[in-house]
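*Asks:*
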Amino acid sequence: MTMAIEIAGVSKQYGDLHALKGIDLVIREGEFFGLLGPNGAGKSTLINIIAGLTRATMGSVKVLGHDVVNDYRNARKCLGIVPQELVFDAFFTVREVLRIQSGYFGLGQENNDWIDELMHALKLSDKADTNMRALSGGMKRRVLIAQALVHKPAVVVLDEPTAGVDVELRNLLWTFIRGLHREGHTIVLTTHYLEEAEQLCDRIAILNHGKVVALDTKQGLLNSEICRTILVSIYTVQPVTIIPPEIRDKVRNVESHYIEIEIQKNVDSITDILESLRKAGIDIADMQTTRADLEDVFMEITYKGTT
Amino acid sequence: MNGRGFYTLFYKESLRFYKVALQTIVAPVITTLLYFLVFSHVLEDRITVYDDISYTSFLVPGLVMMSIIQNAFANSSSSIIQSKVSGNIVFMLLAPLSYIEVYLAFVSASIVRGLMVGTGVFIVAVSFVSLPVYNIAVLLLFALLSSAVLGTLGMIAGMWAEKFDQLAGFQNFVILPLSFLSGVFYSIHSLPDFWQNLSHFNPFFYMIDGFRYGFFGVSDINPAVSIIVTAFALMLLSMLTIFMLKRGYKLRG
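Protein chains in written order, with our numbering: chain A, 1 to 307; chain B, 1 to 253.
#1: What number of angstroms, rounded off, separates the C-alpha of A:Pro-83 from the C-alpha of A:Glu-160?
#2: Mind checking the stretch 70–90 of chain A against chain B and listing, in chain order, the residues whose C-beta falls within less than 9 Å of any C-beta there?
#3: Taking only the alpha-carbon atoms, compute the straight-line gap between A:Thr-307 and A:Val-213 and give it to the nearest angstrom.
#4: Is the CB-CB distance between A:Lys-127 and A:Phe-88 below 8 Å?
#5: Would you mind stating whether A:Val-61 and A:Ile-47 have Cβ atoms separated by less than 8 Å?
#6: Please report whether the beta-carbon of A:Ile-284 lies at a distance below 8 Å from any beta-carbon of chain B.
#7: Scan the stretch 202–221 of chain A for residues whose Cβ lies nearer than 7 Å to a Cβ of chain B and list them as they occur along the chain.
#8: Is there a Cβ of chain B sitting closer than 8 Å to that of A:Phe-176, yes or no?
#9: By the 7 Å beta-carbon criterion, what residues does the stretch 208–229 of chain B contribute toward chain A?
#10: With DSSP run on the structure shown, which of helix, strand or coil describes B:Glu-277?
#11: At least one CB of chain A closer than 8 Å to the CB of B:Arg-113: is that the case?
#12: What residues from chain A crowd round B:Ser-86, counting only those whose CB sits closer than 9 Å?
#13: Grouping DSSP H, G and I as helix and E and B as strand, with all else coil, what is A:Thr-306?
#14: List the endpoints of the continuous alpha helix (DSSP H) containing A:Glu-117.
#15: Note down, in chain order, every chain B residue with its Cβ under 8 Å from the Cβ of A:Leu-53.
#16: Consult DSSP for B:Phe-6 and reduce its assignment to one of helix, strand or coil.
#17: Kindly give me the distance between the Cβ atoms of B:Gly-3 and B:Ala-74, rounded to whole angstroms, as I take these residues to be in contact under 8 Å.
#18: Using a threshold of 8 Å, state whether the C-beta atoms of B:Ile-68 and B:Tyr-55 are closer than that.
#19: From what residue to what residue does the beta strand (DSSP E) around A:His-346 run?
#20: For the alpha helix (DSSP H) containing B:Gly-62, list its first residue and its last residue.
#21: Measure the C-alpha to C-alpha separation of A:Ala-205 and A:Ser-44 and round it to an integer number of angstroms.
#22: Which term fits A:Glu-295, buried or exposed, when burial requires 16 or more other beta carbons within 10 angstroms of its beta carbon?
#23: Quick check on A:Gln-109 - is its C-beta less than 8 Å from some C-beta in chain B?
#24: Strictly under 8 Å for the Cβ-Cβ distance: is A:Gly-100 near chain B by that measure?
#25: Looking at the secondary structure, which residues open and close the beta strand (DSSP E) in which B:Gly-210 lies?
#26: Are the CB atoms of B:Thr-32 and B:Met-66 nearer to each other than 8 Å?
#27: Mapping the DSSP letters down to three states, classify A:Met-132 as helix, strand or coil.
#28: Quick check: what's the CA-CA separation for B:Arg-113 versus B:Asn-88?
#29: Would B:Leu-240 pass as a contact of B:Leu-97 if the rule is Cβ separation under 8 Å?
#30: When the Cα atoms are used, what is the spatial distance from B:Val-20 to B:Thr-152?
#31: Closer than 8 Å between beta carbons: that is the criterion. Which residues of the stretch 132–151 of chain A meet it against chain B?
#32: What residue from A:Thr-241, A:Asp-16 and A:Asn-208 has the CA that sits closest to A:Glu-255's CA?
#33: Starting from A:Asn-171, find everything on chain B with Cβ-Cβ shorter than 8 Å and list it in chain order.
#34: Just checking, does the stretch 143–152 of chain B make contact with the stretch 100–115 of chain B on the three C-beta pairs under 8 Å criterion?
#35: Provide the residue(s) that pair with A:Phe-253 in DSSP beta bridges, ordered along the chain.
#36: Answer with buried or exposed for B:Leu-236, where buried requires no fewer than 16 other C-beta atoms within 10 angstroms of its C-beta.
Right under this line is the structure:
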């Protein structure tokens, strides 16, 4: 299988600060890949190295087999980057910005139809001849995405694309990006919204202190130790006066009409627990279960230091 | 070679100054003409630099070249620092453009702006004073070489500067004194020996003296020397600029 991005032994040092410490990572063609990590973990530095905006102190990066330093022309043609910051050129209109970016990639008038299509898909058509300065933050974000896609890159890297955007725009962006993925583009996403990563990404790498501390499929991470725990909250009709001995070691909290039980997925049976309570004369008024999600995995890995 | 990429960057750099032509073309033409009107009015009857050439005529080539120099420098330097500070330089850095293509595009746009302002000054000035053209090829050669030198120097300054203040310092403490002390308003033969000798270390002097030769056929030094010095300056600065671009000096982290 062709690799969309191959990162081999990449380190980056700024004086005494080791921003990246020997990253090895392979992103397969057609994947929707999530790159997560707390602030300062090294995500943006890694993306900048992939984009050629920052030089690695050691190691190499290839995009679809093209080295980003030695074969930068071909590597950049394969790559579309949506930067994190809302940067724009205040001299030009939306259409001019997109045509200029297209021209940088060696494309001329033959690409104008695609530019119009992009503006239409991102709901920018009525702003085509508006100066960039006059656009709202959300509109500028859409132009950034259009700029990254103007040369139809096979690999699209989005660095926190939904940071600070409203719900409507976020939904529009995700629908659009899901469409790109369906068309065969490889998508690399960094986000602080872990729910998004959980919904969208096939595979996820978690960076912390310049290292990859977790790399697995989304399901793999969700099946990790922490995710095997399910919290069951039970509200009872009668006050809880007795706890059946067979579930005593699973009980985490008891109040007058409430019991909180922690069970292990695929080990404990909720039905057996409820049956034990019924036999002890406790009728159940309501019940809810809480499973650990990607956010719990992320918190566990990045803040408690386990992998 | 990404020919269209080069052309697009050149077009973008030219469109950038064209969109604010009042500031980038009209204003420098008017400022230079004010110099022309004031200096020619005050000094016309007091100074004779070359026989048979009025001071007002003498002044025009120097002012035209000064405007070319200053505007070629301003174009590349201001574009790069603005793009760096606002962050939109990433769009150029993400593109498959080689260092040579980036260099050529910026310098070409600087030449265009320098020549447009210089032509503007020339056209208005000749409505006040008649000016001979001794050798148009020499004149064009110096205009092209000089604007290329300053466009290149502007790229270096733009890459080096991290804030507008530093660029203004470069402009006010390097470009402005060197252009004012290069013989725009006088012949260096009118200076004391020390200052005359010092002027030979000022590359702008060769640009203006050679350019003036294209109009009058007379100059303070041999125009061939001026061509060599200007071309050598262009070569050295171009090599430095391309090296800086290749290293990503203050552009790529």
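We put the beta carbon where it would ideally sit given N, CA and C, even for glycine. Only a predicted model underlies this, so the values are computations on that prediction, with no experimental measurement involved.
*Replies:* On the basis of the data shown:
#1: 8 Å
#2: Tyr-72, Arg-73, Asn-74, Ala-75, Arg-76, Lys-77, Leu-79, Gly-80, Ile-81, Pro-83, Glu-85, Leu-86, Val-87, Phe-88, Asp-89 and Ala-90
#3: Residue placement at A:Thr-307 is poorly supported in this model, since its pLDDT is 42, which falls under 50; the coordinates still yield a value, given next. Spanning the two alpha carbons is a distance of roughly 6 Å.
#4: no
#5: no
#6: no
#7: none
#8: no
#9: none
#10: Shown here, chain B extends from 1 to 253; a query on residue 277 of chain B therefore has no answer.
#11: no
#12: Val-87, Phe-88, Asp-89 and Ala-90
#13: The predicted position of A:Thr-306 is uncertain, since its pLDDT is 43 and thus under 50; no value can be drawn from it.
#14: 112–121
#15: Val-90, Leu-93, Leu-94, Arg-252 and Gly-253
#16: helix
#17: 27 Å between Cβ atoms; not a contact.
#18: no
#19: No information on residue 346 of chain A is available, as it lies outside the stretch 1 to 307 that chain A covers here.
#20: 55–86
#21: 14 Å
#22: exposed
#23: no
#24: The amino acid occupying residue 100 of chain A in the given sequence is Ile; Gly does not appear at that position. So yes, A:Ile-100 belongs to the interface.
#25: First-last for B:Gly-210: 203–216, but that is the alpha helix (DSSP H), not the beta strand (DSSP E).
#26: yes
#27: helix
#28: 22 Å
#29: no
#30: 22 Å
#31: Gln-147
#32: A:Thr-241
#33: None at all; the shortest Cβ gap to chain B is about 27 Å.
#34: yes
#35: Sequence check: residue 253 of chain A is Asn here, not Phe. Its beta-bridge partners are A:Glu-260.
#36: exposed
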